[in-house]
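Quick note: the sequence shown uses full-length UniProt numbering, first residue 1, plus one each step. Heads up, the beta-carbon is just placed ideally off N, CA and C, and yes, glycines get one too. Keep in mind the model is a prediction, meaning the values are calculated, not measured.
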Amino acid sequence: MKQTSEILCIGSVLWDVIGRTASHMRVGSDVPGRIHRLPGGVAMNIAMTLVRFGLRPVLLSAVGRDAEGDELVAEAGRMGMETAHLYRSDDLPTDIYMAIEGANGLIAAIADAHSLEQAGDKILRPLADGRLGTPGAPWEGLVALDGNLTVELLGQIAESDLFARADLRVAPASPGKAERLLALMGHPSATLYVNLEEAGLLCHATFESSEAAARALVTRGAHRALVTDGGRAATVATQDSCFTQTPPEVLVTRVTGAGDTFMAAHIASEAEGMDPNAALRRALVAAATYVSGDNPL
């Protein structure tokens, strides 16, 4: 079957409500700052970066038929994403994420992705009904998959014929959901994008470096692992290779979405045919630029 787009983005598509302040914060702080509402969610954040690299992502997610959902879908379309295959629910509200960021980093966040979780495998219907694929002629391209999906659905994806020929790129939505990715640990084409904390949760261990973490993930069955560690060295590991690079030093002004930007930039770079070292370098530069606030959301 002829594919309809270069990459599928499967997972959370929602509104981010982010409060940012230049002050250091602690529990109970009440400080001046700015509050922004913008399109977000792991799948959406990845898609936004892919668009900036010239790709046209297809969104597979659950979005309510409420005013917030209509506005979100319209904005995604305006940015250049394919929204025709979203599951639009009459009964489920559009999901939302709320975070507080201070000068000392992310203070707290709550992700309300209950509608995505309740929609379950309904979001995958286009991959089975002929719009994007069928069990006999599955999608053969890139798939960015996020850990906001339930453990049950991730397990289903790991074993499904609908993904048998896909190049899966997988990221947890947060450290709190990292262990959901265990279902995909042995998938023959899945690349895991995790930070040092998330790697530790997947391996039930503590690591001092991204290299140690990436090697451990591969030993545990990951096809390929990319491990980041903030401003410290990041590592790519497979069964046959392992290499590390250090990101550029920048002044951090925001953190929400940095990992998604890194992942999308790496996917786009490899889609363009860059060699592994060049792809990692470009992704690290893209993430550093993002956290410095020098490029638009």
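query, result
"In chain order, each beta strand (DSSP E) run of at least 3 residues that lies wholly inside the segment 251-285", "none"
"Three-state secondary structure (DSSP) of residue 55", "coil"
"With 16 other Cβ atoms within 10 Å as the buried cut-off, status of residue 148", "buried"
"Coil, strand or helix - residue 163 by DSSP", "helix"
"Rounded separation between residue 221 and residue 67 - CA only", "44 Å"
"Residue burial classification, residue 333 (beta-carbon count within 10 angstroms, cutoff 16)", "Nothing in the structure corresponds to residue 333, since the chain is present only between 1 and 297."
"Residues of its chain near residue 94, where Cβ-Cβ distance is below 8 Å and the 5 sequence neighbours each way are ignored", "14, 15, 63, 64, 66, 68, 69, 72 and 115"
"Length-filtered (4 minimum) alpha helix (DSSP H) runs lying within the segment 23-104", "42-52 and 67-79"
"Beta carbon of residue 146 nearer than 8 Å to that of residue 195", "no"
"Reference residue 96; option with closest CA among 18, 217, 191 and 192", "18"
"Counterpart residues of residue 298 in DSSP-defined beta bridges", "An answer regarding residue 298 cannot be provided, because it is not within the stretch 1 to 297 covered by the chain."
"Residue interval of the beta strand (DSSP E) (run including residue 17)", "14-20"
"Other residues of its chain near residue 100: CB distance less than 6 Å, five sequence neighbours each side excluded", "19, 107 and 108"
"Complete runs of the beta strand (DSSP E) confined to the segment 178-225 [at least 3 residues]", "191-195"
"Three-state class that DSSP yields for residue 229 in the structure shown", "strand"
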